[in-house]
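Chemist:
There are 2 protein chains.
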Amino acid sequence: MELSLQIKMNEKLFLRNPEETELGREIILNSIFLIHKAGFESFTFKKLALKIGTTEAGIYRYFENKHRLLVYIVSWYWSWLEYKVMVHTNNLKSPELKLKKIIQILATDVKDDVQTKHVDELLLHEIVRMEGAKAYLTRHVTEDNKQRIFKPYKDLCGAIAVIILECNPKYKYPRSLSSTIIEVAHYQNFFMKNLPSLTDFGKIKDDWKVIGFLEDLVFASLFPATRK
Amino acid sequence: MELSLQIKMNEKLFLRNPEETELGREIILNSIFLIHKAGFESFTFKKLALKIGTTEAGIYRYFENKHRLLVYIVSWYWSWLEYKVMVHTNNLKSPELKLKKIIQILATDVKDDVQTKHVDELLLHEIVRMEGAKAYLTRHVTEDNKQRIFKPYKDLCGAIAVIILECNPKYKYPRSLSSTIIEVAHYQNFFMKNLPSLTDFGKIKDDWKVIGFLEDLVFASLFPATRK
DNA sequence: TTTACAAAGATAGTAATACTATTAAATAAA
DNA sequence: TTTATTTAATAGTATTACTATCTTTGTAAA
Chain A
1 MELSLQIKMN
11 EKLFLRNPEE
21 TELGREIILN
31 SIFLIHKAGF
41 ESFTFKKLAL
51 KIGTTEAGIY
61 RYFENKHRLL
71 VYIVSWYWSW
81 LEYKVMVHTN
91 NLKSPELKLK
101 KIIQILATDV
111 KDDVQTKHVD
121 ELLLHEIVRM
131 EGAKAYLTRH
141 VTEDNKQRIF
151 KPYKDLCGAI
161 AVIILECNPK
171 YKYPRSLSST
181 IIEVAHYQNF
191 FMKNLPSLTD
201 FGKIKDDWKV
211 IGFLEDLVFA
221 SLFPATRK
Chain B
229 MELSLQIKMN
239 EKLFLRNPEE
249 TELGREIILN
259 SIFLIHKAGF
269 ESFTFKKLAL
279 KIGTTEAGIY
289 RYFENKHRLL
299 VYIVSWYWSW
309 LEYKVMVHTN
319 NLKSPELKLK
329 KIIQILATDV
339 KDDVQTKHVD
349 ELLLHEIVRM
359 EGAKAYLTRH
369 VTEDNKQRIF
379 KPYKDLCGAI
389 AVIILECNPK
399 YKYPRSLSST
409 IIEVAHYQNF
419 FMKNLPSLTD
429 FGKIKDDWKV
439 IGFLEDLVFA
449 SLFPATRK
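Residue numbers (the numbering used here), protein chains in the order written: chain A, 1 to 228; chain B, 229 to 456.
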């Protein structure tokens, strides 16, 4: 039996569903490639069009603008990651083990185990680390949010919060801790690689250092010393 | 006696020192105003020039491009904040109290106590919360970093790390915890106001909620329960 | 007092970006 | 077959992010 993961995306994110046509799938595949290669700022629809042999207008038929395309691929990533987290944790008994596994998934590079056809998850993971915050760091967050385009991120955050509460039902900040784990995993890794003096991991560049820090942080908070 | 805070900025950040001329000071003042009002993406040198009655070329004599100007004002903020942290903590005895004070300073809105002439620190604080990460989330971080333009951020991070070690000399991640405090303070506040379901603070929008979360997180990590 | 020289202002120009509009070709429904 | 409708191709525009050049003005050393 052949399984293939199909992620249903929010329809507000696109003008035409890119998963349904060859050109659409090329747009996703190559935008990931180009953004990964040169960064979101230097990414343009013109360059993308050139790369896949279509025109700018061709791409505008699928996406309103390049920010929406970024939100699309970032959201896709969060959905994919939630699925991946589910797959890797539901055979684990204790919530502590689940949480450790989640931290590990968030903080290490992707080994391409949950396969999809037209998306390179490894590149996408690196894109999200560097460009992910730009999806919501805009003046139009509020309107974007009303269109529910950040739902995948929130869903992942909610799913982790549930496990946090299983670890300690009395813990007061499950959602904030959850979003903190996600964000810290990404930017400590970014700092480690690019601004190492903001971390304690020097030039070692070992994902497991970030994992160590995060586990320390999270489990100390969930199982605190009995001081007032 | 009149005191005025003069912050020496890295000379790589500008072509001509904006603090030294009237036009330069107008550039800083009004770029803060405009970026605060409409966001960094929609900010252009043309709009800025129009606002202060000069031309684009006039501004290009001071800053190479708008990203450098962003880094300039963000760096200025970090330097200012390090000074402010110093002022507010050196009368405190215990490092725990110092750390609490620092968290408070980072997570609350600025009350304009450490005065400067041509910078509105309140606006600047809000800019850094939303746009600060864009200073380093670029493809040219590495080259930028070689020019030491992120030094103020690192210095602040270093200063907090020292206090963290005073709290617990055995703590293994002083720098990562330090950068985490800074980042979490900003984006939990951003989430609280813009994407509240990523936090536990609902629509309450109370800075003290973020402070509570951060204190819990930090002190649990620094004084953990004795489990291995 | 002249010279000089740096800062600011004015004007123009360019390549690239982020789009929009129009028209033509292909395909599907009636 | 005719007629819609979708899809593609071409062209065009306003704005952005610059660069270049030339003139004026204040200021300060010779």
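Don't be surprised by glycine CBs; every beta carbon is placed ideally from N, CA and C. Computed from a predicted structure; not experimentally measured.
Assign Lys228 of chain A to buried or exposed, taking buried as 16 or more other Cβ atoms, counted over all protein chains shown, within 10 Å of its Cβ.
Modeler: With a pLDDT of only 43 at Lys228 of chain A, under the threshold of 50, the placement of this residue in the model should not be trusted, and no figure is reported.
Chemist: Whole angstroms are fine: how far does the CA of Pro246 of chain B sit from the CA of Ile256 of chain B?
Modeler: If you take the alpha carbons of Ile256 of chain B and Pro246 of chain B, they lie about 7 angstroms apart.
Chemist: Whose CA, out of A:Ile182, A:Ile35 and A:Ser197, lies closest to the CA of Leu426 of chain B?
Modeler: When each option's Cα is compared against that of Leu426 of chain B, the closest is A:Ile182.
Chemist: What number of angstroms, rounded off, separates the C-alpha of Lys101 of chain A from the C-alpha of Gln332 of chain B?
Modeler: Going by the C-alpha atoms only, they are around 33 angstroms apart.
Chemist: Below 8 angstroms on C-beta distance, what does Val141 of chain A contact in chain B?
Modeler: Within 8 angstroms Cβ-Cβ: Asn422 and Leu423.
Chemist: Do the stretch 120-131 of chain A and the stretch 180-195 of chain A touch if we need at least three Cβ pairs shorter than 8 angstroms?
Modeler: With a cut-off of 8 angstroms, the stretch 180-195 of chain A and the stretch 120-131 of chain A count as touching, because enough Cβ pairs lie within range.
Chemist: Does Val184 of chain A have its Cβ less than 7 angstroms from a Cβ in chain B?
Modeler: Closer than 7 angstroms: yes.
Chemist: Just reading off the alpha helix (DSSP H) that Met314 of chain B is part of, what are its end residues?
Modeler: Looking at the DSSP string, the run of the alpha helix (DSSP H) that includes Met314 of chain B is Lys294 to Thr317.
Chemist: If Lys362 of chain B sits next to Leu137 of chain A, beta carbons under 8 angstroms apart, how far is it from one beta carbon to the other, in whole angstroms?
Modeler: Yes, Lys362 of chain B and Leu137 of chain A are in contact; Cβ-Cβ is about 7 angstroms, under 8 angstroms.
Chemist: Name the residue from B:Gly252, B:Phe378 and B:Leu450 whose alpha carbon lies nearest to the alpha carbon of Gly281 of chain B.
Modeler: Answer by Cα proximity: B:Gly252.
Chemist: Does any CB atom of chain B fall closer than 7 angstroms to the CB of Cys157 of chain A?
Modeler: Cβ-Cβ to chain B under 7 angstroms: yes for Cys157 of chain A.
Chemist: Can you find a C-beta in chain B that's less than 7 angstroms from the C-beta of Gly39 of chain A?
Modeler: Chain B contact via Cβ: present.
Chemist: Does the Cβ of Tyr60 of chain A have 16 or more other Cβ atoms within 10 Å, making it buried, or fewer, making it exposed?
Modeler: Exposed, since its Cβ has fewer than 16 Cβ neighbours within 10 Å.
Chemist: Along chain B, in chain order, which residues have C-beta atoms closer than 7 angstroms to that of Arg68 of chain A?
Modeler: In chain order: nothing, as chain B lies at least about 14 angstroms away.
Chemist: Give the straight-line distance between the Cα atoms of Pro95 of chain A and Leu393 of chain B, rounded to the nearest whole angstrom.
Modeler: Cα-Cα distance, rounded: 31 angstroms.
Chemist: Going by beta carbon distance, what residues of the same chain come within less than 8 angstroms of Thr454 of chain B, once the five residues before and after it are set aside?
Modeler: So the list is empty, once near-sequence residues are dropped.
Chemist: For Pro397 of chain B, name the three-state secondary structure that DSSP assigns.
Modeler: The answer is coil: DSSP assigns Pro397 of chain B none of H, G, I, E or B.
Chemist: Taking 7 angstroms as the threshold (beta carbon to beta carbon), is Arg244 of chain B in contact with chain A?
Modeler: Closer than 7 angstroms: no.
Chemist: Curious, which full-length alpha helix (DSSP H) runs of at least 4 residues does the stretch 139-208 of chain A contain?
Modeler: As far as the stretch 139-208 of chain A is concerned, its whole alpha helix (DSSP H) runs of at least 4 residues are 141-146, 151-167 and 174-194.
Chemist: Kindly indicate if chain A contains any beta-carbon less than 7 angstroms away from that of Tyr401 of chain B.
Modeler: By this cut-off, Tyr401 of chain B is an interface position.
Chemist: Between Glu47 of chain A and Trp436 of chain B, what straight-line distance do the alpha-carbon atoms span, to the nearest angstrom?
Modeler: For clarity, residue 47 of chain A is Lys in the given sequence; the question names Glu instead. The straight-line gap from Cα to Cα measures roughly 46 angstroms.
Chemist: Phe441 of chain B CB to nearest chain A CB: under 7 angstroms?
Modeler: Yes, Phe441 of chain B lies at the interface with chain A (some Cβ there is under 7 angstroms from its Cβ).
Chemist: Since Lys138 of chain A meets chain B, which of its residues come closer than 8 angstroms, beta carbon to beta carbon?
Modeler: It is worth fixing the name first, because residue 138 of chain A is Thr in this sequence and not Lys. The answer, in chain order, is Gly267 and Glu269.
Chemist: List, in chain order, every chain B residue whose beta-carbon is nearer than 8 angstroms to that of Asn145 of chain A.
Modeler: Chain B residues near Asn145 of chain A: Asn422 and Leu423.
Chemist: Is there a Cβ of chain B sitting closer than 7 angstroms to that of Ser31 of chain A, yes or no?
Modeler: No, its Cβ sits nowhere closer than 7 angstroms to a Cβ of chain B.
Chemist: Can you list, in chain order, the residues of its chain whose CB lies under 7 angstroms from that of Ile149 of chain A, leaving out five sequence neighbours each side?
Modeler: If we look at Ile149 of chain A and ignore the five residues flanking it on each side, its Cβ neighbours are Asn10, Lys12, Leu13, Val71 and Ser75.
Chemist: Secondary structure at Met1 of chain A, three-state DSSP: helix, strand or coil?
Modeler: Its pLDDT being 49, under 50, Met1 of chain A is placed unreliably in this model, and the value from its coordinates should be taken loosely. If DSSP states are grouped into helix, strand and coil, Met1 of chain A belongs with coil.
Chemist: Along the alpha helix (DSSP H) that carries Asn258 of chain B, what are the first and last residues, could you check?
Modeler: Note, Asn258 of chain B: alpha helix (DSSP H), Glu250 to Ala266.
Chemist: Between the C-alpha atoms of Asp428 of chain B and Lys172 of chain A, what's the straight-line distance to the nearest angstrom?
Modeler: When rounded, the distance between both Cα atoms is 8 angstroms.
Chemist: Could one say the Cβ of Phe223 of chain A lies closer than 7 angstroms to chain B's Cβ atoms, at least one of them?
Modeler: It does: the Cβ of Phe223 of chain A has a partner Cβ on chain B nearer than 7 angstroms.
Chemist: Taking the continuous alpha helix (DSSP H) assigned at Glu349 of chain B, which residues delimit it?
Modeler: From DSSP, the alpha helix (DSSP H) with Glu349 of chain B extends over Glu349 to Glu359.
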